[in-house]
Amino acid sequence: MKQVFQKVEDLLSTQLVKQLADQGHRLTGSLENSIINSARIIEGKNRTELFGFALDYAQDLEKGTKKFGRDHVQELYKYFLLRGFNKIQAMEAAVLTNRKHRQEGMPTKASSRFSKTGERKNFIQNTWKENEQKIDSLIDQGTDQYFNEIYNLQKSETI
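The opening position of the sequence shown corresponds to residue -19 in my numbering, with each subsequent residue numbered one higher.
Here you go:
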């Protein structure tokens, strides 16, 4: 069953990263790397589970947020530096963006212009909705194959 869950993990990771990019959430690749490199498949006696992990701010991108820490301006400053702003421009943009985030929350209404889909939230939910049937199919096929293998092993045993 582990192979089945590996296929599901590969599909979900790839599609989550694609959804993030389509929504315009791409800069350093840190979030994408955390999604791709942190899933775990745990097998028990009668159970197999797939756990996915990501950097903390994935939840802010999923649901949006109106809560910001004291270092929000500094984080925004770093963001704008990575976007190619000089230090003065980056600080001005960080202060203005912080003000806008405190008024509207994050993501802001205007940020939708960076999105190919028009959405800036719900990347996890959207990925699941778009891929649920594929995932069900992978699990169904894998389960059928697993039970057929077990059946054939038992059928071939001599008593």
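For glycine and all other residues, C-beta sits at the position ideal for the given N, C-alpha and C.
Alpha helix (DSSP H) segment containing E42, residue limits: Looking at the DSSP string, the run of the alpha helix (DSSP H) that includes E42 is A38 to K43.
Inter-residue Cα distance where the pair is K(-2) and A34: 15 Å
Proximal residues to V(-12) (C-beta, below 8 Å), its chain only, five neighbours per side dropped: Excluding residues within five positions, the ones whose Cβ falls inside 8 Å are L30, I115, L118 and I119.
N-terminal and C-terminal residue of the alpha helix (DSSP H) that L(-4) is part of: K(-18) to D2
Straight-line gap, A73 to K67 (C-alpha atoms, nearest Å): 10 Å
Contact check, E42 vs F94, beta carbons under 8 Å: Not a contact, by the Cβ cut-off of 8 Å.
Backbone secondary structure at L7 - three-state DSSP: coil
Identity of the residue in V53, N132, Q54 and A70 nearest L61 by Cα: A70
Buried or exposed by the 16-neighbour rule on C-beta atoms within 10 Å, applied to G122: buried
N- and C-terminal bounds of the alpha helix (DSSP H) containing L76: K67 to E84
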